[in-house]
Amino acid sequence: MKASSFVSFRRNLSFLSPRSWIGVHNALKRQIPNSDFVFRMVSVWLIHILIPFLLLTTLGCIPLNSPSTRIGTCARRSFVVTCISPMAITQTAQVLPHMTSIANRLRLWSAFRKEAELDASDALASALSNETALRSRHCDIYFPRETTANDRQKAMLFIPGFCVDHTAYARIASLMASEGNIIVAVLSLEPFRLADQHLLDLVELRACMKTVTKIWNQRSGYRNNLLDWSIGGHSYGGYAAMRLAPDLATHLNKSSNDKIKTVVWAAGNREEFITDLSHRDDIDAIVLLGSNDGLCSFDKTSRSFLQLNLPRSACIEYIEGANHENFASYPGESGSIEISRLEQHEQVSRKTIGFLFDHHIAN
């Protein structure tokens, strides 16, 4: 099996994992009343169909010496009998209205999926051909131009926005890697593209960090290169970065003299998603916002709430003329565009790099 096929297979397999569906359940729970009851009913419905089917096919309907065609016929008949049983029909009638509601929500969820624009796809293809990027199961990794043995080589874990293809961050990630001499690992959230706490946690971050460290050590020729990790995210991924920063700081044994850098792009106006970091002296943060961002706009109250929940050393800055989608490269209409996508990428990259290296650059 080819490496690319294997990676695709592993990503698709994660679709079937219980943890993935727990994450889906929690996402739907915020929008669908009585979703716990719905999922219990679905479970009961499956049990009433599957268990009788297995009993029929195993105990009575399939002789051990039957030819394969007869076995298939018996199995199909058993399944039909089970499905039309009074108990199965009753359960189906109770669950069907709720399942319809869930299906409609999932279709709406699917409609939110954003694919990468051509400039991002071209940037990824170019970086892969130049061997300055590598696509793995956990993330897309963008490397600096110079590969050296550096005990404090900076590296950033970056979390994409809600339903956004992680390829959409290829151009800005390549720019930060080359201009800032940092490693940027853009996490793959496939297939759900959702940074929910049940889909993305410290375990996933550690797996990505392990992959990046191993590959970087191979490229640099040294076994024990230590990476200086930071975390960032865009939109809903920015909220996830705030949520995961304390766990990552604890895992990396950070302190007030060696803080974990947290970068938030185009997020912070949704109070229900904000993690309180005000008491953490081992975390530093910067929030970069677009003045023309229609999805992440602030009033006096929401701005004050965000500031109160950030570490005391954190700063909030606006990029004039910037909108929501141009923090990456995907289609959308969240606000007017007064500066080009490339110019926005350059400003965001410069401010992010300045923050990571403790020489923040203002407009």
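First residue of the sequence shown? That's 535 in my numbering, and the numbers climb one at a time after it. Virtual Cβ for every residue (Gly too), placed ideally from N, Cα, C.
- For the 8 Å CB-CB criterion, Q841 and I850 form a contact.
- Exclusion of the five residues before and after A848 leaves A819 as the residues of its chain whose Cβ lies within less than 6 Å of its Cβ.
- Assignment of A801 by DSSP, reduced to helix, strand and coil, places it in the coil class.
- Under the three-state reduction of DSSP output, K648 falls in the strand class.
- Here DSSP, grouped into helix, strand and coil, assigns D818 to strand.
- Boundaries of the beta strand (DSSP E) harbouring A667: 667 to 669, taken from the DSSP string.
- For the 8 Å CB-CB criterion, I808 and A783 do not form a contact.
- Looking at the DSSP output, L691 sits in a beta bridge with A719, I765.
- Two segments are said to touch when three or more pairs of C-beta atoms, one from each, lie closer than 8 Å; by this definition the segment 706 to 718 does not touch the segment 817 to 836.
- Under the 10 Å beta carbon count, D792 is surrounded by fewer than 16 other beta carbons and is classified as exposed.
- The residue among E680, A702, I693 with its C-alpha nearest the C-alpha of I716 is E680.
- Judged by their CB atoms, I693 and S883 are not nearer to each other than the 8 Å cut-off.
- For G866, the closest alpha carbon among the candidates L642, P631, A650, P725 is that of A650.
- Look at G855 here: in three-state DSSP terms it is coil, with no helix or strand label.
- Taking each of N787, W763, L823, S769 in turn and checking the Cα distance to K795, the smallest one comes out for W763.
- For G767, the closest C-alpha among the options D735, G695, F726 is that of G695.
- For Y676, the beta-bridge partners assigned by DSSP are A667, V718.
- V698 is bridged by DSSP to K648.
- When DSSP states are grouped into helix, strand and coil, K795 belongs to the strand group.
- Following the DSSP letters along the chain, one finds S831 in no alpha helix (DSSP H), marked with neither H nor E.
- An exposed status is given to E806, since fewer than 16 other beta-carbon atoms sit within 10 Å of its beta-carbon.
- Close CB contacts of Q881 within its chain, under the 6 Å cut and outside five residues either way in sequence, are with I853 (chain order).
- Proximity to E859 across S789, K648, R740, Y676 peaks at K648, based on C-alpha coordinates.
- Boundaries of the alpha helix (DSSP H) harbouring T784: 770 to 785, taken from the DSSP string.
- Short of 8 Å from the beta carbon of R804, and not among the five residues preceding or following it, lie these beta carbons of its own chain, in chain order: Y773.
- With 16 or more other Cβ atoms from the protein chains shown falling within 10 Å of its own Cβ, L739 counts as buried.
- Comparing alpha carbon positions, the residue from T666, Y770, K744, A775 closest to L760 is K744.
- Beta-bridge analysis with DSSP links C849 to I820.
- By the criterion of a C-beta distance shorter than 8 Å, V737 is surrounded by no residue of its chain, once the five residues flanking it on both sides are discounted.
- P845 and L811 have their alpha carbons spaced roughly 5 Å apart.
- Taking all protein chains in view, the Cβ of L640 is surrounded by fewer than 16 other Cβ atoms within 10 Å, so the residue is classified as exposed.
- The alpha carbon of S863 has as its nearest neighbour, out of P780, I887, S708, the alpha carbon of S708.
- In the three-state reduction of the DSSP assignment, S870 falls in the coil class.
- Rounded to whole angstroms, the separation of the alpha carbons of G888 and A689 is 14 Å.
- Looking at A704, S663, L728, the one whose alpha-carbon comes closest to that of F646 is L728.
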